[in-house]
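S.K.: Start counting at 1 in the sequence shown, then tack on 261, and there's your number in the working numbering.
Here a beta-carbon is modelled for each residue, glycine too, at the ideal position from N, C-alpha and C.
My structure is below; once you've seen it, I'll send some questions.
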Amino acid sequence: MDSIAWMAWTAPTAIFFAALACTLGVMTLLAARYPEAERVGVLRIPTTRGDRLFISLISAAVIHLAWIGLIGTDTIATLPIGEEGFEVSSLWLATAISLASAVAIFRTV
């Protein structure tokens with residue numbers, strides 16, 4: 262475990278990588294069960310499910326970096342969990358915006 266001690270393995274980091282692994286697993290199952298067909302959306306280029314996933318992941322990274330740079334990561338609420346409580350970061354709002362943009366990308370691109 263010392264070989265990966267350089268990385269900050271926090272709960273949000275673990276959740277992110279677990280969600281990414283689940284997303285890739287679901288995309289693999291969808292590709293095996295329902296073969297992909299390219300379609301042309303608002304970008305006027307043919308895209309597959311994988312292309313739209315890549316575009317949505319890149320846009321989520323840009324949204325989060327812009328959020329951190331412009332708004333910050335201040336606490337917006339504290340949930341009464343445990344002795345000290347659980348602080349909710351404003352990054353959850355950026356995550357909600359990223360999920361909404363991913364839905365829009367998968368529907369229109």
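Distance check for residue 344 and residue 364, CA to CA, integer angstroms please.
M.R.: To locate residue 364, count along the sequence shown from 1; it is residue 103. To locate residue 344, count along the sequence shown from 1; it is residue 83. Cα-Cα distance, rounded: 37 angstroms.
S.K.: Can you list the alpha helix (DSSP H) stretches of 4 or more residues lying completely in the stretch 268-300, in chain order?
M.R.: Here the runs fully enclosed are 272-294.
S.K.: Just checking, does the stretch 321-341 make contact with the stretch 350-361 on the three C-beta pairs under 8 angstroms criterion?
M.R.: The stretch 321-341 is in contact with the stretch 350-361.
S.K.: Quick check on the DSSP output: the beta strand (DSSP E) that includes residue 337 runs from which residue to which?
M.R.: Taking the first residue of the sequence shown as position 1, residue 337 is located at position 76. Residues 336-340.
S.K.: Give the straight-line distance between the Cα atoms of residue 316 and residue 341, rounded to the nearest whole angstrom.
M.R.: Along the sequence shown, read from residue 1 onward, the residue named residue 316 stands at position 55. Along the sequence shown, read from residue 1 onward, the residue named residue 341 stands at position 80. About 37 angstroms.
S.K.: Helix, strand or coil for residue 308, going by three-state DSSP, please let me know.
M.R.: Within the sequence shown, the letter at position 47 stands for residue 308. It is a strand residue.
S.K.: By how many angstroms is the C-alpha of residue 300 removed from the C-alpha of residue 276?
M.R.: As a first step, residue 276 must be located in the sequence shown, where it is residue number 15. As a first step, residue 300 must be located in the sequence shown, where it is residue number 39. Taking the straight line from one Cα to the other gives about 32 angstroms.
S.K.: Are the beta-carbon atoms belonging to residue 325 and residue 352 less than 8 angstroms from one another?
M.R.: Here the question's residue 325 lines up with position 64 in the sequence shown. Here the question's residue 352 lines up with position 91 in the sequence shown. Result yes, Cβ atoms of residue 325 and residue 352 sit closer than 8 angstroms.
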